Structures are given as C-alpha cells and as structure tokens.
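Take a look at the structure set out below.
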Amino acid sequence: MGRAADMSLAGKLQLKPGRSTAFVNRPDGLEFDLGNEHPAAGALERADAVIVFCRDRQELERLRDQFVPQAAPDALTWVAYPKAGELGTERNRGVLAELVKVRTVRPVRQVAVDETWSALRLRPA
C-alpha cells in the first residue's frame, strides 16, 4: 500500500511493520491503536519510534530532557499534544516548535492523531 493510501494512525506516523514503539507519559484511557504490526518497545533506547505525550508546557519542559537524549539517533520521535483549545491547553505547533528547538531537534511533520490530539515529528537539527 502506498504512503498516500495508508491513512491508518501507524501510516500517518510513518511507522513501518515490525518496528517497535515506546510510549512516554501516555494518558490513561487514551486509545492509540497502531495495529498488531507495531510491538511495544521494552526500553526507550531500543525503540524504533518514540511517542511522547505532553499535556502542557510544564510537561514538555520536564520530559524533553528525558526523551530527546535517550531516543536512538535514528528513531522516529513524535511529541503528541492536545490541539489548541482542547484539554485546556494553549499548545499549538508553533509553541511546541519553539520549546523543542533549543534541544538540537527541529519539527518536520505534523499529523492529527484524533479529534483531541496532534503529533509533531522531530528530527536532529
């Protein structure tokens, strides 16, 4: 299936079958179905993809020093955040990009996860 045709969440997040995914700070009760082809990683350092959930600026500032240096250099790194106005947040792509760029990463892609959450992919700058 071509990239344009794969509108599953795993497809939007550019996850390849058989690649492991680590979740950091995933909210309780959040359904995040990546399908059976994307096993959970046992450790952040060994994950092929890392998805970090941040509800507000304080969470992002606390977590960025943990996930940015620990993620494997070639891992797909995503920060999931509530869309502006959802869950009482001021967060949007521009605010998030400013907060992470001081950590030698830059945003390269944004996707909608669901009605409440968006995700921003980060790459080394």
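Sequential numbering of the sequence shown, starting at 58, is according to this note's numbering.
By construction, the Cβ of each residue, glycine as well, lies at the ideal position given by its N, Cα and C atoms.
Note that the structure is predicted; figures quoted are calculated from it, not measured.
Between the CA atoms of residue j and residue i - distance to the nearest angstrom
i           : j           : result
residue 91  : residue 135 : 14 Å
residue 120 : residue 164 : 16 Å
residue 179 : residue 69  : 14 Å
residue 80  : residue 97  : 8 Å
residue 73  : residue 67  : 8 Å
residue 131 : residue 113 : 26 Å
residue 89  : residue 139 : 14 Å
residue 86  : residue 176 : 18 Å
residue 173 : residue 83  : 14 Å
residue 115 : residue 182 : 23 Å
Chain-order list of residues whose beta-carbon lies under 7 Å from that of residue i (same chain, five-residue window excluded)
i          : result
residue 76 : 95, 105 and 106
residue 71 : 133
As assigned by DSSP and simplified to three states, the class of residue i
i           : result
residue 120 : helix
residue 66  : helix
residue 103 : helix
residue 115 : helix
residue 169 : strand
residue 58  : Any reading at residue 58 needs caution, since the residue's pLDDT is 44, under 50, leaving its predicted position unreliable; the model's value is listed next. Note: residue 58 maps to coil in three-state DSSP.
residue 89  : coil
residue 178 : strand
When the options are compared against residue i, the one with the closest alpha-carbon
i           : options               : result
residue 137 : 103, 170, 182 and 122 : 170
residue 166 : 122, 173, 84 and 133  : 133
residue 65  : 122, 93, 84 and 115   : 93
Sequence-distant residues of the same chain with beta carbon closer than 8 Å to residue i, five excluded per side
i          : result
residue 78 : 72, 91, 95, 96, 97, 98, 104, 105, 106, 107 and 108
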